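Asker:
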Amino acid sequence: MGNCSHDCDVILSHIWDRLKLDSMEWRKIFKALQLLEIIMKVGDPQCFSSIKGNIYKIKSFQSFTTSAGTGKSSGIREKAKNICELLEDPDRLEEEREKTREVRNKLSGGSYSSGGKYGGISNKGYRSEYHHSEYKPRKEKPYEERTKKTESRRKEKPKNEDLSLIHISEPTRPY
């Protein structure tokens, strides 16, 4: 997430807009709640005050139902409940953030921590085969060589100047 509070405000404003949608748009609502949970676990702590200030919007989804009757509303209710519990319990939130950092460090093979209490995203420990000394990029053939093959594959259309040989019949109609 961005370190700038402006970035956080822009992202959160889009999330709040998604949470205003009709219940028929339950997929977008669920994705907005997922993004909100990710921001809480990985994002900048400056975002928390804005999220806490709008906790009433999240709590309204604890009683969410869809008119489609698809059973998807229970996932939204559970996600909203989990987010509210994280917001109301700072110790649990810090525990979840720590778990997320540990998993990220384990999967990356390096450290993502920016040295702060809350961590952050950086590319320290980023390893790729493209930085390997034996990596050689593929050489691309010149344009002329590539187009020769396609031109040779094209078939010339026969030139029938005598159109009287072409017979077009009317389609028959079944009775």
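Counting in my numbering, the sequence shown runs from 19 upward without gaps.
Every residue gets a Cβ at the ideal spot worked out from N, C-alpha and C, and that includes glycine.
These figures come from a predicted structure and were not determined experimentally.
Under 6 Å Cβ to Cβ from K135, same chain only, skipping five residues before and after it: list those, please.
Answerer: On the sequence shown, residue 135 is found 117 positions in, with the first residue counted as 1. Residue confidence is low: K135 scores 47 on pLDDT, short of 50, so the model does not pin down where it sits. No coordinate-derived value is stated.
Asker: Could you say which of S85, R119 and D25 lies nearest to Q64 if we only look at CA atoms?
Answerer: In the sequence shown, the residue the question calls residue 64 occupies position 46. Closest by alpha carbon: D25.
Asker: I need the DSSP call for K118, collapsed to helix, strand or coil.
Answerer: For the purposes of this step, residue 118 is taken as residue 100 along the sequence shown, with counting starting at 1. One point to set straight first is that residue 118 is Thr, not Lys, in the sequence displayed. T118 falls in the helix class under three-state DSSP.
Asker: Return the chain-ordered list of same chain residues with a C-beta closer than 6 Å to the C-beta of R45, the five sequence neighbours on each side being excluded.
Answerer: Numbered from 1 along the sequence shown, position 27 holds the residue referred to as residue 45. Once the five neighbours on either side are set aside, R45 has no close Cβ partner at all.
Asker: Using 10 angstroms around the beta-carbon of E147, count the other beta-carbons present and answer buried if the total reaches 16, otherwise exposed.
Answerer: What you label residue 147 is simply residue 129 of the sequence shown in a count that begins at 1. Unreliable positioning characterises E147 in this predicted model, as indicated by a pLDDT of 45, which lies under 50. The coordinate reading is nonetheless provided below. Exposed, because fewer than 16 other Cβ atoms sit within 10 Å of the Cβ of E147.
Asker: Would D35 be called buried (16 or more neighbouring beta carbons within 10 Å of its own) or exposed?
Answerer: Within the sequence shown, residue 35 is the residue found at index 17, counting from 1. By the neighbour-count rule (16 or more Cβ atoms within 10 Å), D35 is not buried but exposed.
Asker: Just checking my contact of L104 with R110 at CB under 8 Å: how many whole Å lie between their CB atoms?
Answerer: Mapped onto the sequence shown, residue 104 falls at position 86. Mapped onto the sequence shown, residue 110 falls at position 92. Right, the Cβ-Cβ distance comes to about 6 Å (below 8 Å), so this counts as a contact.
Asker: Reducing DSSP to helix, strand and coil, say where F48 ends up.
Answerer: Here the question's residue 48 lines up with position 30 in the sequence shown. Three-state DSSP puts F48 in a helix.
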